[in-house]
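Each remark here refers to the structure printed beneath this line.
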Amino acid sequence: MSDLERKLLMRGMPPMVPTVTSGAQRAGPPQRQRSRSRNDYSAIDWSKAFDAKRDLKIGDDSFRVYISGSIDGGEDNASANTPLVVLLHGGGYSGLTFGPFAQEIRELCDCNLIAIDCRGHGNSVTTCDDDLSVQTLANDVFNVITSLYPIDGIPPLILMGHSMGGAIAVHCCANLYELIPRIVGLIVIDVVEGTAMDALHSMQSFLRSRPTSFPTLENAIEWCVRSGQTRNVEAARLSMPGQLKNIKTNLTATVELEEPSLADDLPQQTGAQESANNQKFALSESIDEEVDEENADQVVVDKPIPVFKKPDNSGYTWRTDLFRSEPYWNQWFEDLSNLFLNCNAGAKLLLLAGIDRLDRALTVGQMQGKFQMQVLPKCGHTVHEDAPDKVAQVVAAFLIRNRFTQSKREFERPFPSC
Numbered sequence: 011m012s013d014l015e016r017k018l019l020m021r022g023m024p025p026m027v028p029t030v031t032s033g034a035q036r037a038g039p040p041q042r043q044r045s046r047s048r049n050d051y052s053a054i055d056w057s058k059a060f061d062a063k064r065d066l067k068i069g070d071d072s073f074r075v076y077i078s079g080s081i082d083g084g085e086d087n088a089s090a091n092t093p094l095v096v097l098l099h100g101g102g103y104s105g106l107t108f109g110p111f112a113q114e115i116r117e118l119c120d121c122n123l124i125a126i127d128c129r130g131h132g133n134s135v136t137t138c139d140d141d142l143s144v145q146t147l148a149n150d151v152f153n154v155i156t157s158l159y160p161i162d163g164i165p166p167l168i169l170m171g172h173s174m175g176g177a178i179a180v181h182c183c184a185n186l187y188e189l190i191p192r193i194v195g196l197i198v199i200d201v202v203e204g205t206a207m208d209a210l211h212s213m214q215s216f217l218r219s220r221p222t223s224f225p226t227l228e229n230a231i232e233w234c235v236r237s238g239q240t241r242n243v244e245a246a247r248l249s250m251p252g253q254l255k256n257i258k259t260n261l262t263a264t265v266e267l268e269e270p271s272l273a274d275d276l277p278q279q280t281g282a283q284e285s286a287n288n289q290k291f292a293l294s295e296s297i298d299e300e301v302d303e304e305n306a307d308q309v310v311v312d313k314p315i316p317v318f319k320k321p322d323n324s325g326y327t328w329r330t331d332l333f334r335s336e337p338y339w340n341q342w343f344e345d346l347s348n349l350f351l352n353c354n355a356g357a358k359l360l361l362l363a364g365i366d367r368l369d370r371a372l373t374v375g376q377m378q379g380k381f382q383m384q385v386l387p388k389c390g391h392t393v394h395e396d397a398p399d400k401v402a403q404v405v406a407a408f409l410i411r412n413r414f415t416q417s418k419r420e421f422e423r424p425f426p427s428c
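Basically my numbering = 1-based index in the sequence shown + 10.
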C-alpha cells in the first residue's frame, strides 16, 4: 500500500483513543491545563531601583528623596545640562511607586530623576503632615529642589506627576514663578479634572472598601496585586512598603527593610496563630492564579479577595490616612484642565489609561495641538506601575523629540495618540 493510499484510508477511520500510561482512564473530555505561577510577594528594598536616597532637612521638616543618576552637577557642564525629571506620586503612595519606571527610562535616554515622598507620605516627616493643600505641596516641591541646587544652578526640569502628584506638578508650573524659567516640560499621568471631580463622590466608599491593616508585608503586596491596585507584581513589591507603617513601632515598612534589626522587635506568632492566619488571609499556597503568557507579572485571579481585619497591636496599616485629606480633594483638581492648558511649562504630555477619561476642555485642547496625548490600554490607574517599560518609552521619546536629551540606544518610539 502506497503512502497516499494509507493517508486516504486513515482519513476515513475514527480518531485513535489516547493511551493511558498509568492510573485509571480519565472519563469525559480532557481538562484544559491552566498555567500556574507561585509569585514572590516579598518586599523589595529601594536600592534595587534607585541609586541613592536623601532625607533633606528643610526647617523643622524632613523630606525623603530617591535619586536615579547624578544630581550633584558641580562643574560638569554635561551634568548641569542633563534634564532632571521630578517625580510626584499620587495620594497614599510614595516616591517608590516610580522605581520600575526609573529603572527603565535610564536605559533609554540621558536624564536624572528624583522621586519625592510628599508630606504625610512615605518617609517624609513634617510638623503638619495633614496639611495637604495644593499650595503647601507645591511649595514643598520648590523647597526640595532649591535645597538640592542653588536657584541659578537648577538644571532643565521636567515635572512628572501621577494623580494627586499630577495636580501638584500643574500647580507648580502655574504658580512657582522662581522655578518656572527652569521648567521645560510637564508630564501628567491619568488625572483629568472632569473625571477626577466625578470620582470624588465615590472616594469615601473606595477608601472604606480597602483593608484597614495586614498581618505581614507579603499579605499587603499580595492584596495589592489581587485587588488590581497594580497589575505588576514587581512594582507592588517595591511600592507597597512605602505605603505602609508598622502598627507597633509606627515606622514605615521601608525603614524596616533598611534596618532589618527593627523587625526583630515585632511580636512572634505561635504556630496555631500562624496556621489560623494562613487560612484567614488565603496566602499564595492556596491561590489559583492564571498568568497571561505574554506578561507573567499580570495576574488574573478567579477567587474572591480575602477580607483583612485589623490584628491586635501587630502588623501593618496605611502610612497615610486619606480620609483626613478629604478637605483638600476638591482644590487638587478644580480648574486643573485650564491650568494644564495655559500654564507656561514648555512641552506637555498627558498619559492616560483610557481615552474615555478626557473631559471637554482637554478634548478641545488636544485637537488644537496644545499638548501630546498618549493612551496606554490594558493598564489601571497606576499606569507607570502596570507598564513601566511602555511609559518609559513614551516619556523617553517625548524628551528626545523635544530635544531635551539624547537616546542611549534604539527603542520602539510610540506614535502619539489622536
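Idealized CB from N, CA, C, for every residue including glycine.
Whole-Å CB distance - residue i paired with residue j, under 8 Å assumed
| i | j | result |
| --- | --- | --- |
| I410 | Q416 | 7 Å |
| V401 | L386 | 7 Å |
| Y76 | A125 | 4 Å |
| T330 | G79 | Not quite, the Cβ-Cβ distance comes to about 27 Å (not below 8 Å), so this is no contact. |
| S347 | D369 | 6 Å |
| Q384 | P426 | 6 Å |
| L142 | L94 | 24 Å between Cβ atoms; not a contact. |
Cα-Cα separation between residue i and residue j, rounded to whole angstroms
| i | j | result |
| --- | --- | --- |
| L470 | R413 | This structure cannot speak to residue 470, because the chain is shown only from 11 to 428. |
| P191 | D366 | 33 Å |
| P165 | I193 | 9 Å |
| K63 | E232 | 26 Å |
| G356 | V96 | 15 Å |
| E114 | I81 | 18 Å |
| W342 | T146 | 11 Å |
| D70 | N133 | 14 Å |
| V201 | D162 | 32 Å |
| A282 | S157 | Confidence is the limiting factor: at A282 the pLDDT is only 40, short of 50, which leaves the residue's position unreliable and the question unanswerable from this model. |
| E299 | D50 | Here E299 scores only 38 on pLDDT, less than 50, and its place in the model should not be relied on; the value that follows carries that caveat. Straight-line Cα distance between these residues: approximately 13 Å. |
| F350 | G195 | 12 Å |
| L325 | Y159 | First, the amino acid is wrong: residue 325 is Gly here, not Leu. Those two C-alpha atoms are separated by around 39 Å. |
| V144 | H172 | 14 Å |
| P424 | K67 | 40 Å |
| R419 | S219 | 44 Å |
| G252 | V405 | 24 Å |
| P25 | F216 | Model confidence at P25 stands at a pLDDT of 43, short of 50, so the residue's coordinates are unreliable and nothing is read from them. |
| N354 | Y187 | 10 Å |
| M213 | F60 | 32 Å |
| M170 | F224 | 31 Å |
| G505 | V180 | Given a span of 11 to 428 for the chain in the structure shown, any question on residue 505 remains unanswerable. |
| L267 | L261 | 11 Å |
| L227 | A263 | 8 Å |
| D65 | N256 | 20 Å |
| N10 | D120 | Outside the shown range of the chain (11 to 428) lies residue 10, about which nothing can therefore be said. |
| H229 | A90 | In the sequence under discussion, the amino acid at residue 229 is Asn, which differs from the His named in the question. In a straight line, the C-alpha of N229 is about 43 Å away from that of A90. |
Closest Cα partner of residue i within the set the options
| i | options | result |
| --- | --- | --- |
| N352 | F381, G325 and Q214 | F381 |
| L372 | G204, A263, V95 and S237 | G204 |
| D345 | N242, T330, I178 and V265 | I178 |
| H211 | P337, G100, V180 and C138 | P337 |
| D139 | F224, N185, G102 and R236 | G102 |
| G175 | F108, K255, E244 and Q378 | F108 |
| A209 | N260, N91, N340 and A184 | N340 |
| H99 | V151, K255, F421 and D141 | V151 |
| W328 | G364, C182, F73 and C234 | C234 |
Boundaries of the alpha helix (DSSP H) in which residue i is found, first to last residue
| i | result |
| --- | --- |
| R116 | G109 to R116 |
| Q239 | Note, Q239: premise wrong, no alpha helix (DSSP H); not H, not E. |
| D396 | V393 to D396 |
| Q253 | First-last for Q253: undefined, no H or E at that position. |
Beta strand (DSSP E) segment containing residue i, residue limits
| i | result |
| --- | --- |
| I126 | N122 to I126 |
| T327 | Y326 to W328 |
| H172 | L167 to H172 |
| G79 | From DSSP, G79 is part of no beta strand (DSSP E); its letter is neither H nor E. |
| D200 | Careful: D200 lies outside any beta strand (DSSP E) and carries neither H nor E. |
Q) Is it a yes or a no for the stretch 52-67 touching the stretch 238-251, going by three-plus beta-carbon pairs under 8 Å? A) yes
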